[in-house]
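In short: position in the sequence shown from 1, add 13, done, that's our numbering. From the three backbone atoms N, C-alpha and C, an ideal C-beta is built for every residue, glycine too.
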Amino acid sequence: MSDIWIMRIGHRPERDKRVTTHVALSSRALGAKGIYVDTYDPVLEENIRSVVDRFGGDYSIKTGVSWKEAMKGFKGKVVHLTMYGQQVVDAIPKIPKDEDIMVIVGASKVPAEVYQRADFNVSVGNQPHSEIAALAIFLDRFTEGKALYEDRDGKIKIIPNERGKTVVNSE
Ligand code: SAM
């Protein structure tokens with residue numbers, strides 16, 4: 014499986030703080046390598062880096078990067094998640110697994126240019142819902158759930174427990 018990058022567009026630091034944080038954390042948990050966010054937001058960067066520092070892995074975050082800038086040096090396929098796109102079940106087999114992908118999710122209205130630039134416009138159902146839900150379902154299907162329990166070699170490790178909480182903390 015090659016690398017998965019996320020591009021979050023339309024981020025408004027005041028309004029979207031929690032949602033964009035969850036876009037980043039969910040994509041990290043589900044196997045993405047990192048996220049670009051179009052609006053500069055140092056607090057968001059710090060929060061995500063703090064989770065990576067404690068829970069491991071090499072997930073990166075860069076804010077203040079427009080989707081056009083993020084696309085510039087990007088060699089793989091661009092997947093835009095939108096309720097108007099082709100069905101996720103039809104799209105997944107067409108998306109190459111041996112190339113990197115950049116998954117674009119919006120916040121408010123997404124510019125028409127993104128639909129044109131994307132190699133795949135993919136819907137996760139044709140109902141409006143959430144970028145977090147759409148991304149999670151897409152990534153879980155694309156990676157066939159393989160990232161969920163991957164060891165990230167973190168300072169904090171959670172050991173599955175049927176009832177209580179088992180945490181190994183080497184900090
Ligand atoms: N009203 C906006 C528009 O027309 O572009 C969409 C706003 S929605 C709250 C935010 C983001 O969630 C969208 O840009 C899209 O990436 C994602 N999203 C929402 N529903 C989706 C669906 N059914 N399938 C795929 N992505 C979806």
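Distance cut-off 7 angstroms: residue i Cβ against heavy atoms of ligand 1
{"i": "residue 24", "result": "no"}
{"i": "residue 4", "result": "In the structure displayed, the chain extends from 14 to 184; residue 4 sits before or after that span and is not available."}
{"i": "residue 35", "result": "no"}
{"i": "residue 147", "result": "yes"}
{"i": "residue 134", "result": "no"}
{"i": "residue 129", "result": "no"}
{"i": "residue 156", "result": "no"}
{"i": "residue 124", "result": "no"}
{"i": "residue 120", "result": "yes"}
Nearest-angstrom Cβ-Cβ length linking residue i and residue j, presumed shorter than 8 angstroms
{"i": "residue 111", "j": "residue 78", "result": "About 25 angstroms; that fails the 8 angstroms criterion."}
{"i": "residue 88", "j": "residue 108", "result": "Contact flag wrong, Cβ pair sits at about 15 angstroms."}
{"i": "residue 101", "j": "residue 151", "result": "6 angstroms"}
{"i": "residue 44", "j": "residue 156", "result": "5 angstroms"}
Distance, residue j Cα to residue i Cα
{"i": "residue 127", "j": "residue 181", "result": "43 angstroms"}
{"i": "residue 98", "j": "residue 184", "result": "45 angstroms"}
{"i": "residue 27", "j": "residue 33", "result": "11 angstroms"}
{"i": "residue 145", "j": "residue 137", "result": "11 angstroms"}
{"i": "residue 133", "j": "residue 37", "result": "21 angstroms"}
{"i": "residue 60", "j": "residue 143", "result": "21 angstroms"}
{"i": "residue 23", "j": "residue 40", "result": "17 angstroms"}
{"i": "residue 117", "j": "residue 58", "result": "18 angstroms"}
Top-ranked residue by Cα proximity to residue i, from the options
{"i": "residue 114", "options": "84, 160, 179, 30", "result": "84"}
{"i": "residue 147", "options": "21, 81, 15", "result": "21"}
{"i": "residue 167", "options": "125, 39, 69, 160", "result": "69"}
{"i": "residue 120", "options": "67, 30, 136", "result": "30"}
{"i": "residue 154", "options": "170, 64, 105, 141", "result": "105"}
{"i": "residue 74", "options": "169, 46, 42", "result": "46"}
{"i": "residue 125", "options": "95, 82, 149", "result": "95"}
{"i": "residue 81", "options": "131, 165, 17, 122", "result": "131"}
{"i": "residue 66", "options": "76, 177, 169", "result": "169"}
Start-to-end residues for the alpha helix (DSSP H) that takes in residue i
{"i": "residue 65", "result": "55-68"}
{"i": "residue 52", "result": "Run containing residue 52: none; DSSP gives neither H nor E here."}
Heavy atom of ligand 2 within 7 angstroms of residue i beta-carbon
{"i": "residue 139", "result": "Absence of ligand 2 from the depicted structure is noted, with ligand 1 being the only ligands included."}
N- and C-terminal bounds of the beta strand (DSSP E) containing residue i
{"i": "residue 133", "result": "133-136"}
{"i": "residue 93", "result": "90-100"}
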